[in-house]
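Here is the structure we will look at.
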Amino acid sequence: MTMECVNPEGLRFNQMRSSSHQTLETRMRPILMKGHERPLTFLRYNRDGDLLFSCAKDHTPTLWLAHNGERLGTYRGHNGAVWCCDVSRDSSRLITGSADQTAKLWDVKSGKQLFTFNFGSSARSVDFSVGDHLAVITTDHFMGVSSAIHVKRIAEDPQDQVADSVLVLQSPDGKKKINRAVWGPLNQTIVSGGEDAVIRIWDTETGKLLKQSDEQVGHKEAITSLCKAADDSHFLTGSHDKTAKLWDMRSLTLIKSYTTVVPVNAVAMSPLLNHVVLGGGQDASTVTTTDHRAGKFEAKFYDTILEEEIGGVKGHFGPINALAFNPDGKSFSSGGEDGYVRLHHFDSNYFNIRI
Amino acid sequence: MEVVDIDARAAKLGINWSQVNFDSIQLPPGEDFGIESDDEAVYHDDQSEFDTGFGNIIVVDHLPVVPKEKFEKLEGVVKKIYNQLGVIKENGLWMPVDPDTKMTLGYCFIEFNTPQEAQNAKEKSHGYKLDKSHIFAVNMFDDFDRLMNVREEWEPPQARPYVPGENLQKWLTDDKARDQLVIRSGPDTEVYWNDARQKKPEPVHKRPYWTESYVQWSPLGTYLVTLHKQGAAVWGGADTFTRLMRYQHSMVKLVDFSPGEKYLVTYHSQEPSNPRDASKVEIKVFDVRTGRMMRDFKGSADEFSIGGPGGVAGASWPVFRWAGGKDDKYFAKLSKNTISVYETETFSLIDKKSMKVDNVVDICWSPTDSILSLFVPEQGGGNQPAKVALVQIPSKVELRQKNLFSVSDCKMYWQSSGEYLAVKVDRYTKTKKSTYSGFELFRIKERDIPIEVLELDNKNDKIIAFAWEPKGHRFAVIHGDQPRPDVSFYSMKTTQNTGRVSKLATLKAKQANALFWSPTGKYIILAGLKGFNGQLEFFNVDELETMATAEHFMATDIEWDPTGRYVATAVTSVHEMENGFTIWSFNGIVIYRILKDHFFQLAWRPRPPSFLTAEKEEEIAKNLKKYSKKYEAEDQDVSLLLSEQDREKRKALKEEWEKWVMQWKALHEEEKLARQNLRDGEVSDVEEDEYEAKEVEFEDLIDVTEEIVQESM
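Right under this line is the structure:
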């Protein structure tokens with residue numbers, strides 16, 4: 013395992029609005045965590061905020077200590093890129109979705125595989141329900157199988173685990189990937205978003221489509237990421253249309269919209285301050301210049317309420333694919349196409365940012 | 005749309021075709037469904053050319069009236085005459101005969117192979133004297149209807165009532181003295197006021213698909229010209245942009261105004277079907293106000309360009325270069341070994357002939373006078389020196405000339421008030437392997453036009469850019485080696501040295517490759533475009549100090565507003581990312597940024613020159629404090645208002661957000677029990693406590709924010 017401390021000026025906040033154009037610099041040291049050999053796809057903290065799970069296009073999800081970036085272990089068994097993961101509330105179970113057409117349940121402590129759900133296509137996103145008795149898994153379209161949302165019952169004892177789906181939801185356009193599906197308040201709904209740029213809310217009782225986002229105000233291009241608030245009240249979506257949008261989770265009302273200059277691959281919301289973070293960058297395939305500034309591989313901080321940019325965190329040498337806030341709001345981590353996870357602890361300056 | 009597409013769309017909208025009763029759909033009457041087409045008139049104009057099939061028939065009148073016996077002889081004579089002018093179709097000649105008297109009627113019809121031949125024959129033979137009493141009157145058959153309808157008596161044309169035109173200069177009377185700019189992004193063309201006080205542009209007019217290629221302001225800012233398939237159109241007027249005039253020129257590619265905006269030159273070139281042929285070029289000159297075509301030029305591209313055969317595909321634009329000054333009197337065209345100078349009174353060549361200048365490769369008008377500078381390169385392997393000459397028009401007298409030796413290339417730069425001409429001369433070194441550059445400086449307004457030679461401190465420096473200070477006596481040069489060349493400033497006259505050029509300063513190792521003087525002089529932007537990623541240095545040449553350095557990443561274009569108060573830098577769609585523009589103050593402070601995808605063009609609306617005399621301007625500059633007080637007060641009011649509005653807006657946003665948070669909290673509380681049940685009765689109070697604790701911290705921060713807002717009052 014490698015751990016490096018680089019770039020003491022990793023985070024720079026500009027006071028954009030103030031007349032004097034002051035620059036607030038926070039001299040925090042990002043921890044550069046190199047354990048993956050391929051681009052990162054997803055990051056997840058456990059509820060206590062002491063563990064960080066990372067998924068990448070290599071086949072091994074990795075567990076890190078969230079305060080110093082020490083690598084605790086890997087979960088070996090997948091045979092393809094791992095797209096997504098979720099950890100149970102008590103940090104005992106991990107669920108991962110992979111391009112090897114399986115979703116796997118793991119014992120967090122021992123790293124043992126507990127169960128494998130087999131699908132006919134790649135498992136794109138996974139999410140545990142409130143109470144951890146259910147999991148929602150989305151699968152891509154593949155060879156005549158259209159993309160779908162599956163709900164699985166997660167047994168208390170792995171011995172009793174069954175593969176059957178409790179509910180299967182079909183997206184109206186089966187040829188478009190569903191990039192993310194999460195549970196709504198009290199497990200009554202499932203919220204999904206994907207390549208067709210539409211956000212949908214489904215009833216988990218009946219499997220009926222309850223609401224979908226308005227074409228006028230909604231995203232114009234593929235939704236790449238979705239992150240919900242700790243209390244399941246609202247959620248943030250990021251899209252290739254270079255915007256992120258904040259929605260009420262019950263009514264699907266558009267509350268805020270954040271505009272940036274690059275396609276958004278990852279979004280996160282601070283649990284502590286009214287900040288949202290957008291990460292992204294030009295598609296790796298369209299980056300033509302060698303100048304790292306050209307791609308804008310910055311994690312951009314926005315004021316949640318005013319929708320204004322506060323500052324940015326540079327460092328990645330490729331688009332940012334994953335972002336996650338520590339539940340205590342005092343650190344966050346980003347995962348890039350460059351294969352690195354960068355763990356940033358905020359210093360006191362960050363908490364005094366005023367715009 | 006294909007049927008499949010229609011089906012797919014219908015399916016998407018949830019329409020079942022089989023249940024649609026087509027008769028129930030009611031469309032507005034008329035072929036255009038009640039929507040009037042904008043281009044109708046032009047469309048009809050196009051059509052009229054091909055109206056009838058009789059375009060190749062002419063009618064010859066005033067023939068001798070002959071009896072039957074002489075019929076064939078007359079026919080022979082007429083045939084002979086017209087066979088010289090074109091190919092008569094088989095049985096194309098018809099001479100009607102009076103059925104009673106068997107005499108001819110004194111006229112005949114002749115059908116040619118092509119309408120062109122018919123036209124030609126008509127022009128050539130009209131008025132032809134067969135003998136004393138028989139002078140031909142020839143008309144096109146197509147014209148007959150029109151001629152028949154001519155009334156016997158002349159009617160005086162009715163005087164049309166005078167309709168006052170719009171005030172085309174209204175934009176200059178803006179009470180905030182703002183400038184306008186036009187931008188094109190995506191399908192939209194938009195005109196904005198640059199409202200620097202409000203820190204945002206204020207929309208004036210927006211139209212999707214306003215132009216089919218690009219837009220251009222006329223040199224004095226009166227018109228905005230758009231290009232279309234059928235021709236060009238100019239827009240302007242008092243409040244919104246209305247179409248003032250159209251100029252028919254199908255597939256027009258380029259346009260150019262005369263400096264006094266009296267004439268518009270349009271250009272169209274057609275790629276030849278056979279690649280060995282030269283492309284066809286058509287250029288029309290229109291009167292801007294009346295829309296009348298004054299003259300058109302047709303020919304192969306070779307005649308309009310000086311690049312050797314097979315060199316350039318089209319001509320170098322503008323083909324016609326207009327002499328300086330507002331009267332738009334002369335324009336010149338450069339072609340191989342000739343310079344053709346036209347005057348606009350008759351639109352014909354001065355003295356009816358072009359000037360022969362062997363091997364001339366470049367011409368350049370003085371921006372203010374009718375003086376033409378021209379450059380002839382070396383010939384005969386160096387036996388005949390290269391030459392730069394100044395020629396007075398219309399007298400064609402050579403005012404001054406200078407022979408130059410071992411020259412590889414020359415470039416001419418006129419100072420904007422026509423006082424100086426700088427000629428950058430690239431010379432071969434003795435070995436002829438490399439070149440070095442120097443300048444020849446002509447002082448046009450002085451007696452005998454003295455010439456001065458200027459060499460850079462380091463003779464071998466490459467010259468990257470050169471620019472005269474507008475209306476001034478100074479110029480700037482970027483010289484040296486990339487990536488960090490030097491920038492030097494020179495003045496044609498200083499207080500110590502009135503008759504000689506002297507160097508003011510050299511700035512070492514600058515990241516710059518382009519120079520942009522403020523239109524009022526004094527300030528200059530040293531810009532590093534393209535390879536330098538958009539580095540900008542705002543420099544005050546009077547004080548020789550840098551006012552600000554900044555960067556507009558990847559900037560491709562820089563343009564000063566006509567008053568020199570603001571600068572626009574833009575990233576156009578040559579780059580994929582960060583398209584849009586930034587407005588800066590003259591001293592390098594960002595006023596605002598606008599991002600627009602697929603950003604193509606930005607252009608400030610030019611202003612006509614000021615009516616104030618130089619003395620008056622100086623006087624105002626001297627008493628600037630007195631005038632500026634009023635504006636400063638206004639500025640203050642606006643900024644107060646802005647911060648007030650801003651605060652209001654923030655407050656509203658915060659309140660709205662608080663409402664959401666309250667609602668969420670309430671619901672969260674309500675659902676507490678249900679959540680506990682879902683978690684198998686696990687008491688989630690711990691979580692709730694933590695949650696609450698965070699909330700407190702969160703609220704503290706809001707307090708801090710509010711304090712600051714008050715502070716800024």
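Chains Z and H supply the protein sequences, listed in that same order.
With the working numbering applied, the first sequence covers 13 to 367.
With the working numbering applied, the second sequence covers 5 to 717.
Cβ atoms here follow ideal geometry from the backbone N, Cα and C, with glycine treated the same way.
Excluding its 5 nearest sequence neighbours in each direction, residue 368 of chain H has C-beta neighbours in its own chain below 6 Å: 377, 416, listed in chain order. Between residue 468 of chain H and residue 487 of chain H, the C-beta gap is not smaller than 8 Å, which leaves the two residues out of contact. Fully contained in the segment 40-91 of chain Z are the following beta strand (DSSP E) runs of length 3 or more, in chain order: 43-46, 52-57, 63-68, 74-77, 83-86.
According to the DSSP assignment, residue 215 of chain Z belongs to no alpha helix (DSSP H) but to the beta strand (DSSP E) extending over 211-215.
Using a Cβ-Cβ distance cut-off of 8 Å, the segment 269-278 of chain Z and the segment 204-218 of chain Z are not in contact, since fewer than three pairs of beta carbons, one from each stretch, lie closer than that value.
Take the alpha-carbon of residue 65 of chain H and the one of residue 112 of chain H: they are about 7 Å apart. Taking 4 residues as the minimum length, the alpha helix (DSSP H) runs contained wholly in the segment 613-688 of chain H are 618-626, 628-674, 676-682, in order along the chain. In the displayed model, residue 119 of chain Z falls within a strand according to three-state DSSP.
Residues of the same chain with a CB within less than 7 Å of the CB of residue 222 of chain Z, apart from the 5 flanking positions on each side, are 201, 213, 214, 215 in chain order. Taken through DSSP and simplified to helix, strand or coil, residue 327 of chain Z comes out as coil.
Per DSSP, the continuous beta strand (DSSP E) segment holding residue 292 of chain Z begins and ends at 287-292. Going by C-alpha positions, residue 294 of chain H is about 12 Å away from residue 238 of chain H.
In this structure, the alpha-carbon of residue 292 of chain H lies about 55 Å from that of residue 278 of chain Z. Counted as a single uninterrupted DSSP element, the beta strand (DSSP E) harbouring residue 375 of chain H occupies residues 375-380. Counting the other Cβ atoms within 10 Å of the Cβ of residue 386 of chain H gives fewer than 16, which makes it exposed. Within chain H, the residues whose beta carbon sits less than 8 Å from that of residue 246 of chain Z are 664, 668, listed in sequence order. Counting along the chain, residue 212 of chain H sits inside the beta strand (DSSP E) bounded by residues 204-212. Proximity of residue 143 of chain Z to chain H, defined by a Cβ-Cβ separation below 8 Å, is satisfied. Residue range 561-564 is occupied by the beta strand (DSSP E) that includes residue 561 of chain H. Residue 636 of chain H does not reach chain Z, its nearest Cβ partner there being about 16 Å away, counting only Cβ pairs nearer than 7 Å. Of all C-beta pairs linking the segment 650-663 of chain H to the segment 228-240 of chain Z, fewer than three are shorter than 8 Å, placing the two stretches out of contact.
Taken atom to atom, the span from the alpha-carbon of residue 94 of chain H to that of residue 127 of chain H is near 22 Å.
Between residue 318 of chain Z and chain H, the shortest Cβ-Cβ separation is below 8 Å. The Cβ atoms of residue 374 of chain H and residue 333 of chain H sit closer than 8 Å to each other. The three-state reading of DSSP puts residue 258 of chain Z in strand, counting E and B together. DSSP, read as helix, strand or coil, puts residue 97 of chain H in strand.
Going by C-alpha positions, residue 250 of chain Z is about 29 Å away from residue 537 of chain H. Following the DSSP letters along the chain, one finds residue 601 of chain H in no alpha helix (DSSP H), marked with neither H nor E. Residues of the same chain with a CB within less than 6 Å of the CB of residue 178 of chain Z, apart from the 5 flanking positions on each side, are 163, 165 in chain order. Between residue 329 of chain H and residue 270 of chain H, the gap from beta carbon to beta carbon reaches 8 Å or more.
Less than 8 Å separates the beta-carbon of residue 147 of chain Z from that of residue 107 of chain Z. Among the bridge pairs identified by DSSP, residue 490 of chain H is matched with H:483. For residue 198 of chain Z, the nearest beta carbon of chain H is closer than 8 Å to its own beta carbon.
When beta bridges are read from the DSSP output, residue 312 of chain Z appears opposite Z:290, Z:324. Residue pairing for residue 572 of chain H: DSSP places it in a beta bridge opposite H:563, H:587.
Distance from the Cα of residue 521 of chain H is smallest, within the candidate group H:571, H:177, H:621, for H:571.
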